[in-house]
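Okay, structure first, notes after.
Residue numbers (this note's numbering): 41 to 346.
Right, here's the structure in full:
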């Protein structure tokens with residue numbers, strides 16, 4: 041599947057609220073990953089073990105020009121070593137500016153569906169902040185568990201996640217009561233982003249679990265209340281019900297809200313996705329987990345508004 045992105049997700053029209061999901065199996069169970077994260081699928085027996093790594097990190101290999109960390113996804117999900125076979129596949133991914141290979145058993149295909157048809161897992165099965173299922177989708181009559189790959193990587197290597205220390209380095213900051221709308225479906229990331237922004241002085245943050253909930257709030261704001269109720273919007277891209285690109289498009293085509301700055305803060309920021317973000321009118325696009333950069337961008341955008 042070389043040149044995979046050039047043939048699939050990138051060609052989706054911007055802001056349509058659709059996602060292409062690559063389905064794969066582990067021990068017969070069906071899982072999914074956003075095609076936008078996938079570079080290619082390969083087979084390999086050239087994994088070089090590395091000492092003193094997390095138990096689910098198999099090692100490294102270099103199938104092309106990029107050195108890849110290899111994660112044993114069956115072992116991570118099952119909690120115990122699973123027999124490896126020559127037929128196992130590796131999904132080569134790129135997100136959060138990281139290149140990582142995940143071992144899986146089979147790849148079943150690709151489905152295109154609307155984010156409206158992706159449900160957030162019920163709290164009884166999602167595991168709260170500890171869960172790794174970011175959504176449940178129905179593809180061709182089958183239920184597919186979409187995994188939170190960012191959380192998996194952050195658990196294996198905490199230094200790749202949001203670092204509050206970046207805010208500490210900024211020193212003493214002035215309190216800012218500008219109302220910030222945050223659309224982020226990850227419970228863990230939403231909490232961490234909020235903590236970081238509050239530490240940076242931003243004290244008025246309204247959190248929403250997906251783009252639809254954020255839009256339900258924003259769409260009710262009258263022209264007289266805009267300044268009082270929303271100063272800036274920060275949105276993830278991947279969210280059940282409504283993704284960040286569609287949310288941005290709705291804001292920027294709304295006569296009441298179109299001057300509100302929108303910052304896309306996502307693990308999916310790459311040259312192709314930046315094109316999509318520009319097409320829907322995003323003011324800035326930043327890759328997670330650069331929380332210090334996010335604060336600097338907020339400072340700059342709000343200074344322009346003032």
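C-beta atoms are modelled at their ideal positions from N, C-alpha and C, and glycine is treated no differently. These numbers were taken from a predicted model, which means no experiment stands behind them.
Nearest-angstrom Cβ-Cβ length linking residue 79 and residue 133, presumed shorter than 8 Å: Numbered from its first residue, the chain shown carries residue 79 at position 39. Numbered from its first residue, the chain shown carries residue 133 at position 93. Their Cβ separation, rounded to whole angstroms, is 7 Å, which keeps residue 79 and residue 133 in contact under 8 Å.
I think residue 220 touches residue 242, with their Cβ atoms under 8 Å apart; what is that distance to the nearest whole Å? Position 180 of the chain shown holds residue 220. Position 202 of the chain shown holds residue 242. Confirmed, Cβ separation roughly 6 Å.
Any heavy atom of the ligand MG within a distance shorter than 7 Å of the CB on residue 313? The ligand content of the structure shown is nil, which means the ligand MG is not present either.
Have a look at residue 250 and residue 223 and give me their C-alpha separation to the nearest angstrom. Translated into positions along the chain shown, residue 250 becomes position 210. Translated into positions along the chain shown, residue 223 becomes position 183. Rounded to the nearest angstrom, the two C-alpha atoms are 5 Å apart.
Looking at residue 62: is its Cβ nearer than 8 Å to the Cβ of residue 122? Within the chain shown, residue 62 is the residue found at index 22, counting from 1. Within the chain shown, residue 122 is the residue found at index 82, counting from 1. Their beta carbons are not under 8 Å apart, which means residue 62 does not touch residue 122 by this criterion.
Could you tell me if residue 307 is buried or exposed, where buried requires 16 or more neighbouring beta carbons within 10 angstroms of its beta carbon? For this step, residue 307 is matched to residue 267 along the chain shown. Flag for residue 307 reads buried.
For residue 123, three-class secondary structure by DSSP: In the chain shown, counting from the first residue as 1, residue 123 sits at position 83. The answer is coil: DSSP assigns residue 123 none of H, G, I, E or B.
Helix, strand or coil at residue 129 [DSSP, three-state]: Position 89 of the chain shown, counting from 1, holds the residue named residue 129. Note: residue 129 maps to strand in three-state DSSP.
Rounded straight-line distance, which links the Cα of residue 207 to that of residue 142: Here residue 142 is taken as the residue at index 102 of the chain shown, counted from 1. Here residue 207 is taken as the residue at index 167 of the chain shown, counted from 1. If you take the alpha carbons of residue 142 and residue 207, they lie about 32 Å apart.
Between which two residues does the beta strand (DSSP E) containing residue 111 stretch? What you label residue 111 is simply residue 71 of the chain shown in a count that begins at 1. Unbroken beta strand (DSSP E) run through residue 111: 108 to 112.
Spatial distance of residue 315 from residue 196 (CA atoms): Translated into positions along the chain shown, residue 315 becomes position 275. Translated into positions along the chain shown, residue 196 becomes position 156. Those two C-alpha atoms are separated by around 31 Å.
Counting C-beta neighbours from all protein chains within 10 Å, is the total for residue 277 16 or more, i.e. buried, or is it exposed? Position 237 of the chain shown, counted from the first residue, corresponds to residue 277. Flag for residue 277 reads buried.
Classify residue 344: buried if its beta carbon has 16 or more other beta carbons within 10 angstroms, exposed otherwise. One-based indexing of the chain shown puts residue 344 at position 304. Burial call: exposed.
Extent of the continuous alpha helix (DSSP H) run through residue 278: The sequence position of residue 278 within the chain shown is 238, counting from 1. Where residue 278 is concerned, there is no enclosing alpha helix (DSSP H), given that its DSSP letter is neither H nor E.
Is it the case that the Cβ atoms of residue 272 and residue 295 are separated by a distance below 8 Å? Here the question's residue 272 lines up with position 232 in the chain shown. Here the question's residue 295 lines up with position 255 in the chain shown. No. Outside cutoff.
Can you give me the Cβ contacts of residue 65 inside the same chain, cut-off strictly under 6 Å, excluding the 5 residues immediately before and after it? By 1-based counting over the chain shown, the position of residue 65 is 25. Correct list, in chain order: 145, 146.
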